[in-house]
Amino acid sequence: MSTTEATQSAPAALVTGGSRGLGRALGLALAAAGSPVVLVAREQGPLDQVVAEIRARGGRAHGIAADIADREAVAAIAGQATALIGPIDLLINNASTLGPAPLRLLLDTDCEDLSRALEVNLVAAFRLTKALAGSMVLRRRGTIVNISSDAAVEAYPRWGAYAASKAALDHLGRIWAAELEGTGVCVLTVDPGEMNTRMHADAIPDADPASLADPARVATKIVGWLTGKVSGSPASGQRVAVPLAEGRTS
Amino acid sequence: MKAARTYPARRDDVRLLVVDGATGSLREGRTPALPSLLASGDLLVVNDAATLPASLHGRDAADAPLEARLISADSERGAGHFWAVLFGAGDWHQRTEDRPPPPALAAGARLRFGGLAAQIVALSPVSPRLVALRFGDADDAVWAALYREGRPVQYSYLAHELPLWAVQTAYAGRPWAFEMPSAGRPLSWEILLALSRRGVRWAFLTHAAGLSSTGDPVLDAALPLPERFDIPASTIAAIADTHQQGGRVIAVGTTVVRALEGGSAPDGSLREGSGVTDLRIGPGYRPRVVDGILSGIHTAAESHFALLAAFAPLDLLRSAERYAEAHGFTSHELGDAMLILPATRRPLRLPDARPGRSDDARI
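Just so you know, the sequences run in chain order A and B.
Residue numbering for the first sequence follows this note's numbering, beginning at 1 and increasing consecutively.
Residue numbering for the second sequence follows this note's numbering, beginning at 1 and increasing consecutively.
Below you can see the structure in the form of structure tokens.
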């Protein structure tokens with residue numbers, strides 16, 4: 001594919017945590033909007049299912065089975081993804097870990113679990129961004145989306161490790177945006193709200209699913225922002241939340 | 001000259017030897033000073049190819065050990081096909097010249113590199129060690145296996161093995177390079193954005209840098225093999241604009257020179273998109289597009305040295321080599337840098353006096 005073709009078509013997208021929940025929904029929505037998509041997840045089986053689902057709908061998708069927290073894997077993820085769909089225009093750092101469920105008080109949280117949350121949710125996202133953003137700046141085109149949580153803002157007891165990692169990710173996003181101002185690369189933080197996902201069930205097993213947002217609807221809203229097809233597209237450096245009312249099925 | 005055995009603590013802080021064609025003089029500095037050495041209106045062109053893990057260790061059907069170093073994508077045969085140079089037993093700790101030859105293999109031979117299977121589909125007339133390999137048709141699986149089993153090409157002078165992230169430039173995009181386009185290694189974003197603030201623009205192309213040497217005299221005489229490149233329209237426009245305004249086009253590395261010179265028409269014009277070049281550049285070659293070059297430190301024994309001679313007189317390059325040797329500069333992929341600035345600025349080409357053009361405001 002020539003560079004020109006790539007810059008004139010829908011953004012080539014890489015989504016981490018792409019086999020389930022919001023990541024899967026973002027992959028489906030982006031592919032439906034015409035983007036070639038690479039999904040990254042640890043488990044090959046669920047990943048293959050999403051890729052097959054997207055292809056069955058006529059979309060272009062590839063899966064990379066890898067652990068983003070493995071520092072040696074990051075250059076390989078970036079290389080494989082770019083080999084498969086061309087230079088990456090859109091990176092969605094969606095993969096994250098809650099840490100051990102049920103969630104624990106900080107006094108009962110193992111230091112290693114805090115480290116692991118920071119490694120996956122913050123450092124791995126940073127490494128992948130660093131591996132891909134240079135090419136975006138060179139091409140003066142690109143968007144980086146960090147998926148966050150209201151736990152990054154509110155002090156919910158028992159959410160300490162996850163919340164601290166997401167708060168740090170939010171701030172890192174603001175600094176990325178400040179440093180990349182004027183380069184054509186945009187950095188956004190998106191709080192998708194409480195969704196009916198496996199991660200949410202792990203955290204709050206007794207939540208009423210009817211009170212939660214549908215990841216597919218949330219993904220459609222986010223992709224709408226990213227493609228400029230719905231009003232209110234956020235500017236670089238902004239943190240935006242998907243209103244719960246827009247994510248619920250009913 | 002000493003080869004750098006490991007990467008510097010900071011990618012953008014290595015010694016820089018400036019070869020100034022205008023004054024015939026040599027100056028020494030460090031790479032963070034690059035922005036002050038170029039002028040507003042100059043254009044830096046980089047090769048954004050990411051480096052592949054192009055070295056694969058494996059065995060043939062008779063269980064004889066071998067290494068395949070990928071050298072180019074086999075675009076005639078399509079996805080999952082590469083050209084590779086085969087080496088015998090051993091690894092990067094040995095100089096390639098000292099490695100035993102690979103087992104004699106015919107077309108059809110099956111090879112295995114850990115979990116990655118391959119078949120030799122053709123031998124090159126250049127050398128039976130240069131083979132066309134087929135890894136498979138499924139893009140996802142081939143790339144995954146290649147990145148799992150492959151390592152970046154290593155060098156015998158290294159103190160330790162280089163991981164994949166260490167052989168990438170700060171702006172790496174498509175993985176087209178089989179060895180790192182190392183002239184761009186010192187370019188951090190600190191430097192690139194400082195260049196921008198100074199009015200020095202940068203642009204990019206993608207060039208599939210192949211292996212720089214194999215240690216086999218027959219093969220080395222045939223290098224570089226034809227290499228593919230892709231030049232975006234924005235880079236062509238930036239080059240034309242730079243020349244029109246009297247600025248200098250500085251290529252970052254020999255691969256950029258090959259793409260721009262090999263991709264240009266005799267009048268120096270460039271066409272957007274991809275192509276393949278087999279251009280060899282040496283003394284006496286008159287560059288059509290490129291005015292100067294940022295590169296590593298090369299000695300007269302290397303093929304890259306001949307390319308540099310297209311940008312500065314040979315005697316000046318030889319004194320640069322002597323200076324670098326005497327002052328402890330380091331060479332090769334992880335070493336120090338050299339900037340060759342042209343003897344003369346191009347004649348200022350005034351824009352066409354077309355009615356209605358608004359760029360008059362710039363002059």
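We put the CB at the ideal spot given by N, CA and C, even for glycine.
(message) Can you confirm whether Pro-87 of chain A, when its beta carbon is compared against all beta carbons of chain B, has any partner nearer than 8 Å?
(response) By this cut-off, Pro-87 of chain A is an interface position.
(message) One question on the structure: do Leu-279 of chain B and Arg-258 of chain B come within less than 8 Å of each other, judged by their Cβ atoms?
(response) For the pair Leu-279 of chain B and Arg-258 of chain B, the CB atoms are nearer than the 8 Å cut-off.
(request) Would you verify that the beta carbon of Gly-18 of chain A is, or is not, closer than 8 Å to some beta carbon of chain B? (result) False, the Cβ-Cβ gap to chain B never drops below 8 Å.
(request) Quick one: give me the first and last residue of the beta strand (DSSP E) that Met-338 of chain B is part of. (result) 337-341 is the span of the beta strand (DSSP E), which, as asked, contains Met-338 of chain B.
(message) What would DSSP say about Gln-80 of chain A, mapped onto helix, strand or coil?
(response) DSSP, reduced to helix, strand and coil, places Gln-80 of chain A within a helical segment of the structure shown.
(message) Can you give me the C-alpha to C-alpha distance between Thr-143 of chain A and Leu-91 of chain A, rounded to a whole angstrom?
(response) Approximately 6 Å, taken between the alpha carbons.
(request) Determine, using beta carbons only, whether Trp-370 of chain B comes closer than 8 Å to chain A. (result) Residue 370 of chain B is absent from the model: chain B starts at 1 and stops at 363.
(request) Apply the 10 Å Cβ neighbour rule to Val-323 of chain A and answer buried if 16 or more other Cβ atoms are within range, or exposed otherwise. (result) This structure does not reach residue 323 of chain A, given that chain A is present from 1 up to 250, and the question cannot be answered.
(request) Please name the residues in the segment 200-212 of chain B whose beta-carbon is closer than 9 Å to at least one beta-carbon of chain A, in chain order. (result) Those residues of the segment 200-212 of chain B placed with their C-beta closer than 9 Å to a C-beta in chain A are Trp-202, Ala-203, Phe-204, Leu-205, Thr-206, ordered along the chain.
(request) Measure the C-alpha to C-alpha separation of Ile-239 of chain B and Glu-43 of chain A and round it to an integer number of angstroms. (result) Rounded to the nearest whole angstrom, the C-alpha separation of Ile-239 of chain B and Glu-43 of chain A is 46 Å.
(request) Can you pull the chain A residues whose beta carbon is under 8 Å from the beta carbon of Arg-174 of chain B, in chain order? (result) The contacting residues are Thr-82, Ala-83, Gly-86, Pro-87.
(request) Determine the direct distance from the alpha carbon of Val-252 of chain B to that of Ile-191 of chain B, and round the result to whole angstroms. (result) Each residue's CA atom was taken as its position, placing Ile-191 of chain B and Val-252 of chain B some 13 Å apart.
(request) Could you say which of A:His-62, A:Asn-146, A:Ser-19 lies nearest to Ser-35 of chain A if we only look at CA atoms? (result) Minimum Cα distance to Ser-35 of chain A is reached at A:His-62.
(request) Report yes or no: is there a C-beta of chain B within less than 8 Å of the C-beta of Gly-312 of chain A? (result) Outside the displayed range of chain A (1 to 250) lies residue 312 of chain A, so it cannot be described from this structure.
(request) Report the rounded CA-to-CA distance for Ala-65 of chain A versus Leu-14 of chain A, giving the unit in angstroms. (result) A straight line joining the alpha-carbon of Ala-65 of chain A with that of Leu-14 of chain A spans about 13 Å.
(request) Jot down the residue ranges of each uninterrupted beta strand (DSSP E) in the segment 122-172 of chain B, minimum 3 residues, whole runs only, in chain order. (result) Complete beta strand (DSSP E) runs here, min 3: 130-134.
(request) Would you please verify whether the beta carbon of Glu-72 of chain A is less than 8 Å from any beta carbon of chain B? (result) Yes - at least one Cβ of chain B is within 8 Å of the one on Glu-72 of chain A.
(message) Taking its Cβ as the centre, do 16 or more other Cβ atoms sit within 10 Å of Ser-212 of chain B, making it buried, or is it exposed?
(response) Taking all protein chains shown into account, Ser-212 of chain B has 16 or more neighbouring C-beta atoms within 10 Å of its C-beta and is therefore buried.
(message) For Arg-239 of chain A and Ser-148 of chain A, which I take to be in contact (beta-carbon distance under 8 Å), what is that distance rounded to the nearest angstrom?
(response) 7 Å between Cβ atoms; contact.
(request) Return the CA-CA distance between Ala-12 of chain A and Ser-295 of chain B, expressed in angstroms with no decimal places. (result) Taking the straight line joining both Cα atoms gives about 32 Å.
(message) From the DSSP secondary-structure annotation, give me the bridge partner or partners of Asn-93 of chain A.
(response) Paired residue(s): A:Asn-146.
(request) Have a look at Ala-132 of chain B and Ile-120 of chain B and give me their C-alpha separation to the nearest angstrom. (result) Rounded to the nearest whole angstrom, the CA to CA distance from Ala-132 of chain B to Ile-120 of chain B is 6 Å.
(request) With 7 Å as the C-beta to C-beta threshold (strictly closer), list the residues of the segment 160-184 of chain B near chain A in chain order. (result) Correct list: Pro-163, Leu-164, Trp-165, Gln-168, Ala-170, Tyr-171, Ala-172, Gly-173, Arg-174, Pro-175.
(message) Quick check: what's the CA-CA separation for Asp-202 of chain A versus Ala-101 of chain A?
(response) In a straight line, the C-alpha of Asp-202 of chain A is about 6 Å away from that of Ala-101 of chain A.
(message) Does chain A have any CB closer than 8 Å to the CB of Arg-354 of chain B?
(response) Note that Arg-354 of chain B scores 42 on pLDDT, short of 50, meaning its location in the model is unreliable; the coordinates nonetheless yield the value given after this. So, not an interface residue.
(request) Can you give me the start and stop residues for the alpha helix (DSSP H) that Ile-295 of chain B sits inside? (result) Position check: residue 295 of chain B holds Ser in this sequence, whereas Ile was assumed. No alpha helix (DSSP H) contains Ser-295 of chain B, which is instead part of the beta strand (DSSP E) from 292-296.
(request) Quick one: grab the DSSP three-state call for Ser-364 of chain B. (result) Here chain B covers residues 1 to 363 and nothing more, so residue 364 of chain B does not appear.
(message) By the DSSP assignment, the alpha helix (DSSP H) with Val-14 of chain B in it spans what residues?
(response) Looking at the DSSP string, Val-14 of chain B is not in any alpha helix (DSSP H), and its letter there is neither H nor E.
(request) Could you name the residues of chain B that Gly-134 of chain A contacts, counting a contact when the two beta carbons are closer than 8 Å? (result) Under the 8 Å cutoff, chain B gives Thr-169, Ala-170, Tyr-171, Ala-172, Trp-189.
(request) Below 8 Å on the Cβ atoms is my guess for Leu-169 of chain A versus Met-195 of chain A; work out the distance and round it to an integer in Å. (result) The Cβ separation is near 18 Å, so there is no contact.
(request) Answer yes or no: do Leu-205 of chain B and Val-289 of chain B have a C-beta to C-beta separation smaller than 8 Å? (result) Taking a C-beta distance under 8 Å as the contact criterion, Leu-205 of chain B and Val-289 of chain B do not qualify as a contact pair.
(request) Given a cut-off of 8 Å, decide if Pro-100 of chain B and Gly-90 of chain B are closer than it, judged by their beta-carbon atoms. (result) Going by beta carbons, Gly-90 of chain B and Pro-100 of chain B fall inside the 8 Å limit.
(request) Give the secondary structure of Asn-121 of chain A by DSSP, where H, G and I count as helix, E and B as strand, and everything else as coil. (result) In the structure shown, Asn-121 of chain A sits in a helix (DSSP, three-state: H, G or I).
(message) Below 9 Å on C-beta distance, what does Ala-240 of chain B contact in chain A?
(response) Within chain A, no C-beta atom comes less than 9 Å from the C-beta of Ala-240 of chain B; the nearest is roughly 16 Å away.
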